[in-house]
């Protein structure tokens with residue numbers, strides 16, 4: 100079968116003039132576009148992708164792929180040749196010399212490679228689960244090294260683990276790696292629902308990879324993994340970082356459709372429960388319900404309804420999620436917000452003074468794990484609770500009985516799990532204390548916060564008193580030093596005056612002695628002069 104498809108693919112290329120010798124019905128073709136494509140043949144990567152795609156396609160799909168491929172190759176020739184049309188007698192060398200630069204053909208091949216890759220990805224999305232959801236799962240999922248993040252397929256027994264140095268696609272039922280490869284990415288995205296595809300980021304480019312082999316099927320520029328969201332087995336939604344526009348990607352046609360109704364960014368997407376082809380698209384402060392209308396060509400997108408959210412929300416893997424059953428989505432940062440995915444009504448759960456940092460879904464659609472702390476209260480720093488939506492209660496998680504506090508939820512088997520080093524432990528149940536009404540917990544936290552404030556005030560007052568006494572002691576000591584210094588200065592001045600008086604007296608005495616000696620000399624001299 101493979102050889103048959105490879106010959107079929109080769110003849111598709113031949114029929115468009117990329118090679119010479121045959122076409123689909125055995126005749127040579129010499130259209131201008133065929134001659135241009137023959138002078139600038141497609142890359143080996145495009146050839147390989149086309150052959151692989153045709154091997155995976157059904158007979159009906161092969162006919163459609165060949166038709167579209169021929170159209171795209173003709174467009175490749177027309178766009179790159181611009182106004183040039185080779186004559187019937189022009190050789191391939193003449194065409195290459197006339198057109199010269201092959202950059203346009205290289206760019207066209209890159210676009211063609213992306214289209215073929217998206218069609219290959221579409222083939223994978225339409226397949227059953229890579230691994231069936233197991234009826235029982237091992238107590239642990241073990242990676243080769245420390246697990247940095249974990250993603251799980253919604254409808255397959257498959258996990259994508261980002262370890263310290265590797266990316267590992269795991270079979271949940273067998274606890275074995277389906278594929279393991281060195282980590283060569285800057286970010287890791289989500290698994291498709293059937294577990295056959297996942298996304299990674301390389302700088303500002305997104306790659307769609309095959310889970311079973313790690314093969315890169317498509318490369319999409321200006322898209323980050325956290326901005327790419329699988330919708331179903333045919334489509335995905337993403338936002339481009341270069342123009343902040345949102346697009347629907349149809350893997351069946353390999354085409355994208357712009358969504359002008361999404362204007363406030365794209366943060367996450369969730370399916371509308373019980374309504375096929377409808378999805379809720381969340382922006383930072385808006386929720387939009389859209390419907391994907393499918394026909395023979397590119398799908399169309401219709402805005403069904405939209406609603407502003409009560410506050411700006413930043414959806415992320417460790418603060419948000421969809422609860423089992425798909426009726427509610429939640430976001431847990433600062434406070435807890437729960438959105439009904441049917442009518443887009445948002446419920447704000449006021450938790451002050453509890454400041455919420457993280458949130459995780461649980462196997463019970465009525466319960467959410469939240470982590471919060473009371474600012475400035477050391478005894479209430481980062482505690483984990485289970486919040487009940489219906490009862491409005493909090494149950495503190497007994498974390499001492501768990502190997503880790505890094506919670507995650509495995510939707511395919513509806514199990515709670517915790518990540519610890521290189522191991523994911525699947526829990527039979529979550530150890531918690533008895534539930535307490537949220538209002539009682541918050542009242543106790545307010546009391547604790549006020550008590551802490553009083554203690555801090557008393558401590559600060561005592562510290563200020565101590566500092567004041569210390570300052571007074573320093574001032575007294577400084578004053579004493581100043582007085583002592585003044586006393587010493589006065590004593591020095593007195594000694595100086597005594598010294599000056601003593602020196603003046605000695606000078607006077609010396610002057611008196613000098614005058615006396617001078618007088619005696621004169622008297623002796625006078626006496627000698629009068630002697631006969």
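In my numbering, the protein residues as written are 100 to 631.
Glycine included, every Cβ here is placed at the ideal spot set by N, Cα and C.
- Within the model, the alpha-carbon separation for residue 546 versus residue 224 is close to 54 Å.
- Counting every other CB atom within 10 Å of its CB across the protein chains shown gives residue 352 a total of 16 or more, marking it as buried.
- For the pair residue 409 and residue 445, the CB atoms are nearer than the 8 Å cut-off.
- Contact holds between the stretch 239-254 and the stretch 506-525, because three or more Cβ pairs, one in each stretch, are under 8 Å apart.
- The beta carbons of residue 497 and residue 452 sit no closer together than 8 Å.
- If you draw a straight line from the Cα of residue 272 to the Cα of residue 262, it comes to about 20 Å.
- Counting only runs of at least 3 residues, the stretch 249-295 fully encloses the following beta strand (DSSP E) elements, listed from N- to C-terminal order: 257-262, 265-270, 275-281 and 286-290.
- If you look at residue 131, you'll find it in the alpha helix (DSSP H) that goes 131-138.
- Straight through space, the alpha carbons of residue 268 and residue 500 are spaced by roughly 29 Å.
- Setting aside the 5 residues that flank it on each side, residue 369 is surrounded in the same chain by 379, 421, 428 and 440, each with a C-beta closer than 6 Å to its C-beta; the list follows chain order.
- Residue 502 sits in coil when the DSSP states are folded into three classes, being neither helix nor strand.
- Taking a contact as a CB-CB distance under 8 Å, the pair residue 145 and residue 211 counts as one, their CB atoms being some 5 Å apart.
- By the neighbour-count criterion, in which 16 or more other beta carbons inside 10 Å mark a residue as buried, residue 238 falls on the exposed side.
- Looking at the DSSP output, residue 337 shares a beta bridge with 327 and 346.
- Distance from the CA of residue 388 to the CA of residue 343, rounded to the nearest whole angstrom, comes to 19 Å.
- By the C-beta criterion, the stretch 271-287 is judged to be in contact with the stretch 317-334, since at least 3 inter-stretch pairs fall below 8 Å.
- Comparing alpha carbon positions, the residue from 349, 600 and 482 closest to residue 474 is 482.
- Nearest Cα to residue 136 within the set 154, 229 and 204: 204.
- Under a 10 Å Cβ-count criterion, residue 629 is classified as exposed, with fewer than 16 other Cβ atoms of the shown protein chains found around its own Cβ.
- Bridge partners of residue 309 according to DSSP: 296.
- Per DSSP, the continuous beta strand (DSSP E) segment holding residue 320 begins and ends at 315-320.
- With contacts defined by Cβ atoms closer than 8 Å, residue 314 and residue 306 do not form a contacting pair.
- In this structure, residue 347 sits near residue 358, with a CB-CB distance shorter than 8 Å.
- Apart from sequence neighbours up to five positions away, no residue of its chain approaches residue 550 with a beta-carbon distance below 8 Å.
- Here the C-alpha atom of residue 150 lies approximately 11 Å from the C-alpha atom of residue 219.
- Excluding five sequence positions before and after residue 190, none of the CB atoms of its chain fall closer than 6 Å to its own CB.
- The alpha-carbon separation between residue 183 and residue 303 amounts to approximately 36 Å.
- One alpha carbon belongs to residue 623, the other to residue 604, and they sit about 29 Å apart.
- DSSP places residue 145 inside the alpha helix (DSSP H), whose first and last residues are 143-155.
- Residue 420 sits in a strand when the DSSP states are folded into three classes.
- For residue 405, there is no enclosing alpha helix (DSSP H); the residue is part of the beta strand (DSSP E) that begins and ends at 399-407.
- For residue 400 against residue 391, the beta-carbon gap comes to about 6 Å, under 8 Å, which counts as contact.
- Here residue 155 has 222 as same chain residues with Cβ atoms under 6 Å from its own Cβ, once five neighbours each way along the sequence are excluded.
- Between residue 383 and residue 413, the CB-CB gap stays under 8 Å.
- Residue environment for residue 275: exposed (fewer than 16 other C-beta atoms within 10 angstroms of its C-beta).
- Closest option to residue 436, judged by alpha-carbon separation, among 443, 447, 442 and 426: 447.
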